[in-house]
Amino acid sequence: MMKTITKISTQKKQGRYNVDLNGHFAFGIAESVLVKYGLAKGRELDDETIQRIKYDDEIAKALHVAVNYLGHTLRTVHQVQKKLHDNDVDVTIQDQVIAKLKEQSYLDDLNYAKHYVATKKHIAPKGPLVVAQELKQAGVTEDEIDIALRDYTYEEQLAIAEKLGAKFAKNYQRQSSRAKQQKVIQALLNKGFSYDIAQIVIERFVDSNSNEVELDNVMREATKLWHRYRHEVPSQRKYRTKNNLYAKGYTSELIDQSIDKLMLDES
1143 MMKTITKIST QKKQGRYNVD LNGHFAFGIA ESVLVKYGLA KGRELDDETI
1193 QRIKYDDEIA KALHVAVNYL GHTLRTVHQV QKKLHDNDVD VTIQDQVIAK
1243 LKEQSYLDDL NYAKHYVATK KHIAPKGPLV VAQELKQAGV TEDEIDIALR
1293 DYTYEEQLAI AEKLGAKFAK NYQRQSSRAK QQKVIQALLN KGFSYDIAQI
1343 VIERFVDSNS NEVELDNVMR EATKLWHRYR HEVPSQRKYR TKNNLYAKGY
1393 TSELIDQSID KLMLDES
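For the sequence shown, the residue numbers in our numbering are 1143 to 1409.
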């Protein structure tokens, strides 16, 4: 049965139109669909054409959601699919929207991965292991991740890890050399650098505390522990203090020096 367009009016939403058929509201459509079908007052439409118009409008609405989501930010296919899914877009329509966005170069997972790697090198430094994990979570394939990470050279990893290592080391200056080095290594591992890189950073760029600093640190810790165990019998007090200091990474020599001094001060 043929129906006649009796009115086309604009909606409050920019780029959207209402279409009346035979004097009654029938459906809303995007401007792109209106133009595609050349809709105008007086034109007759059969049921099949009306269904095609409505289907194409669903695609147009989904495309609008996707483009708004993209904005000026790079996204992966997986991220856009999730956005469309969250907006209850049918899977078939999702596929068509993704295809259009790829065709128009709005979506390119390899390009996304390369930009992501560059960002994590210069703006928010992270090692390649964490970068790879985050790209995988974003839906980038392993092959594309491997290609993107080729731009993250060993020399760049070492240089970035060196800067981060120096920054981390400052946070642990009041700890033993061993504890400081272990924590810097762990911090670099958490950032996504390999153990080999972290170890090189420690060996080359993270200095051990000077004897004076190390002695100051152990004395500070020993004094706290000595006070904590003040109600213990002397042998137990000494034993527990030594064990705690050893666990913090201090050498037996420094531990003995600090405890001897504390005992001398009390005598």
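From the three backbone atoms N, C-alpha and C, an ideal C-beta is built for every residue, glycine too.
Residue i, DSSP secondary structure in three states
{"i": "Y1248", "result": "coil"}
{"i": "A1364", "result": "helix"}
{"i": "G1157", "result": "coil"}
{"i": "E1421", "result": "This structure leaves residue 1421 out entirely; the chain is present only between 1143 and 1409."}
{"i": "I1171", "result": "strand"}
{"i": "I1265", "result": "coil"}
{"i": "D1152", "result": "It is worth fixing the name first, because residue 1152 is Thr in this sequence and not Asp. Three-state DSSP puts T1152 in a strand."}
{"i": "L1330", "result": "helix"}
{"i": "H1373", "result": "coil"}
{"i": "T1146", "result": "strand"}
{"i": "D1162", "result": "strand"}
{"i": "T1127", "result": "Absent from the structure is residue 1127, since the part of the chain shown begins at 1143 and ends at 1409."}
{"i": "S1319", "result": "helix"}
{"i": "S1400", "result": "helix"}
{"i": "V1355", "result": "helix"}
{"i": "T1191", "result": "helix"}
{"i": "L1300", "result": "helix"}
{"i": "G1180", "result": "coil"}
Cβ-based neighbour list, residue i, same chain, cut-off 7 angstroms, excluding 5 preceding and 5 following
{"i": "K1149", "result": "D1162, K1183"}
{"i": "I1201", "result": "I1235, Q1238, V1239"}
{"i": "A1168", "result": "V1161, D1162"}
{"i": "Q1221", "result": "A1280, G1281"}
{"i": "Q1156", "result": "none"}
According to DSSP, residues forming a beta bridge with residue i
{"i": "T1383", "result": "DSSP output for T1383 lists no bridge partner at all."}
Close Cβ partners of residue i (< 8 angstroms) along its chain, the five nearest in sequence each way excluded
{"i": "T1283", "result": "D1251"}
{"i": "M1143", "result": "D1188, D1189"}
{"i": "L1205", "result": "V1239, K1242, L1243"}
Close beta carbons around residue i, own chain, < 6 angstroms, minus the five adjacent residues each side
{"i": "L1216", "result": "Y1254, H1257"}
Worksheet item: Touch check for the stretch 1315–1330 and the stretch 1275–1285: three-plus C-beta pairs under 8 angstroms?
Response: Using a C-beta cut-off of 8 angstroms, the stretch 1315–1330 makes no contact with the stretch 1275–1285, since fewer than three inter-stretch Cβ pairs fall below that distance.
Worksheet entry | alpha helix (DSSP H) segments (min. 4 residues) lying fully within the stretch 1194–1246 | Runs found: 1219–1228, 1233–1245.
Worksheet item: Between the stretch 1284–1291 and the stretch 1321–1330, do at least 3 Cβ pairs fall closer than 8 angstroms?
Response: The stretch 1284–1291 and the stretch 1321–1330 do not touch, with fewer than 3 CB-CB distances between them shorter than 8 angstroms.
Item to complete: Could you tell me whether the stretch 1326–1346 touches the stretch 1302–1311, where touching means 3 or more Cβ pairs closer than 8 angstroms?
Response: Yes, they touch.
Worksheet item: Can you find at least 3 beta carbon pairs, one from the stretch 1354–1367 and one from the stretch 1330–1345, that sit closer than 8 angstroms?
Response: no
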